[in-house]
Every structure is written in structure tokens, then in C-alpha cells.
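In what follows, a single structure is set out as C-alpha cells and then discussed.
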Amino acid sequence: MIEILNPTDLSRARDTGALVADILQTLKSRSAVGTNLLDIDRWAGAMIAEAGASSCYVDYEPSFGRGPFGHYICTSVNDAVLHGLPYDYTLADGDLVSLDLAVSRGGVVADSAISFIVGDSAPPESVTMISATERALHAGIAAAGPGARIGDISHAIGSVLSEAGYPINTEFGGHGVGSTMHQDPHVPNAGRPGRGYRLRPGLLLALEPWIMADTAEFVTDADGWTLRSATGCRTAHSEHTIAITRDGAEILTLPEQAHS
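First residue of the sequence shown? That's 27 in my numbering, and the numbers climb one at a time after it.
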């Protein structure tokens, strides 16, 4: 299913996107050495409830997971890259953390992810990885607009990642959003320009470049959810929800300070 939002729905999407961005930045500011992943999950749940919203993950039960997910946010650390199930783990200095949050409010979903390093130690390789996903994300957004095709976005994202030297997995990638979290079209993190669905104003897309340092293969934890690099290498993940407008692409999940 591909949904095209009307102006009223798009206004709600902006509100939801702002909420997601605010929660992620708050959680990042609270994530310090000694913070437990279960505390991050609890904080996320409290902020979502206070906003009169709901997490898209609590009852999430897709075919590839061992559901329902049962938590409010995905917390992936170091070699975990996607669908990190929160568990009793205390963050250490230098940990690379990815937080992925999808929230529904007013009948519209927004989805975003950030990666960052905890504490004072910042391994250069990890900083470089995070930067690569952020640059790829912005390249994908720059390629999006009315009349462009999904392949244009995928090609832009993949070009940045491959030029940076990272293998690319295309099994999981970006996707449409709207009244639900995961919709068509699928947006792989590599592709050929000029191919795929043609973008229209009112379409919402969650674009999410993610990489593993030295492999394109992942393994699934015993929890049935958390995806880790097959080699144990570190990973990074960045994501924004964008709206296709008549003028281009509008980022809905920018932190408030990014607007100033």
C-alpha cells in the first residue's frame, strides 16, 4: 500500500515528526556511561504517553521477528545495527549507540534513527561510520522530489556509502510511512537511477542508510529481533522521515535546534 497524504494529514505528520525528533534528542542527552538500555526504553515510553502518542513497536509483529516486540524503542549497541531489543545492558565509555523510534499520533506515523557515541572516548572509525550514514541520508533527501524515482534516492545513498568503502545490505532499507509504520515503496540503500516508483507530493518516506564496517551480512540474536554484524564489527544507522512536496522534500524529523 502506498498512501498519499492530504494537507491536513501532512500537518499532523509534521507534529509527529517533531515529537519523534524531540524524544530522540532527549534520550541522546540522557544516554551516558552507566545508563541502562531498559531505562532508555522506559523514558521513551513515558515521553510518548505524555504526548498522547503511541509507539509503533510495542505490538509490532512482522514475519521476520519473534513478536510482539514489546518495547517502545529499538536500542542497538556496537555490533547491533537494526531492531535492537532493549535489555539489561549498561552503556560503557565509547559505546556506539543507535536509537530508532517510530511513533503514531493523530493517525500519522513518523520514523527516525540516530547514532552517537557514549562518553568521552570516540573511536575515529566509529565517528567516520556515523558521518557516512548521515551524509548518505542527506544525499538521498537531496535526490528526492516530485517526479524523481525511488532508484534516484537509492543510487544517491549507495554512492556515498560505497565511495566511503562500506559494504551495502539491501534486505532492509527505507520505506513508505503514513497511517502505519512500514508501507510501500521499499527504498533500498543502493540502486539504479531512473528506476522504480515515481514520487508524488504527499508521499512520506523514511530513508535510513545503515552500514556495518566490514560486511554486508548480519545474524539474528537469540531474542529473535536484534540484527548484528556477522563479523562482530561496529555498525551505524541514520534515518529521517521526509514528505515529498511540490518544491522538493521536507524533513519532518529534524531536531528543533536544526531549524534555528
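We treat Cβ as the ideally placed atom computed from N, Cα and C, and that holds for glycine. Treat the numbers as computed from the prediction; the structure is a model and nothing was measured.
Residue i, enclosing alpha helix (DSSP H) - first and last residue
i, result
"M155", "150 to 169"
"I183", "176 to 189"
"S55", "33 to 56"
For residue i, the nearest candidate out of the options (CA to CA)
i, options, result
"G274", "A39, R40, P172, S255", "P172"
"L280", "D137, T261, A262", "D137"
"G120", "V46, T246, S147, E151", "S147"
"E265", "L111, G222, G220, P214", "P214"
"T315", "G220, G60, A58, E151", "Outside the shown range of the chain (27 to 286) lies residue 315, about which nothing can therefore be said."
Beta strand (DSSP E) segment containing residue i, residue limits
i, result
"W69", "Segment 63 to 76 is the alpha helix (DSSP H) holding W69; no beta strand (DSSP E) there."
"E276", "274 to 277"
"G222", "No beta strand (DSSP E) contains G222, which DSSP labels as neither H nor E."
"G202", "200 to 203"
"F142", "134 to 143"
"I270", "266 to 271"
"V129", "122 to 131"
"R254", "253 to 255"
"T261", "261 to 263"
Span separating the alpha-carbon of residue i from that of residue j
i, j, result
"R224", "I183", "17 Å"
"L3", "L125", "Summary: the structure shown does not reach residue 3, with the chain confined to residues 27 through 286, and so no result is reported for it."
"I143", "T34", "38 Å"
"H285", "D41", "Note that H285 has pLDDT 47, beneath the 50 cutoff, so the model's placement of it is unreliable and the number below is only indicative. Answer to the nearest angstrom: the Cα atoms are 14 Å apart."
"V103", "T116", "10 Å"
"C259", "V107", "10 Å"
"D210", "E276", "19 Å"
Cβ-heavy atom distance, residue i to the ligand GDP, below 7 Å
i, result
"T159", "Within the structure as shown, the ligand GDP is missing, as the structure has no ligands at all."
- Is it a yes or a no for the segment 48 to 67 touching the segment 81 to 90, going by three-plus beta-carbon pairs under 8 Å? no
- Message: Within 8 Å, do at least three Cβ pairs link the segment 69 to 77 to the segment 200 to 219?
- Response: no
- Query: Between the segment 241 to 251 and the segment 92 to 108, do three or more beta carbon pairs fall short of 8 Å?
  - Reply: yes
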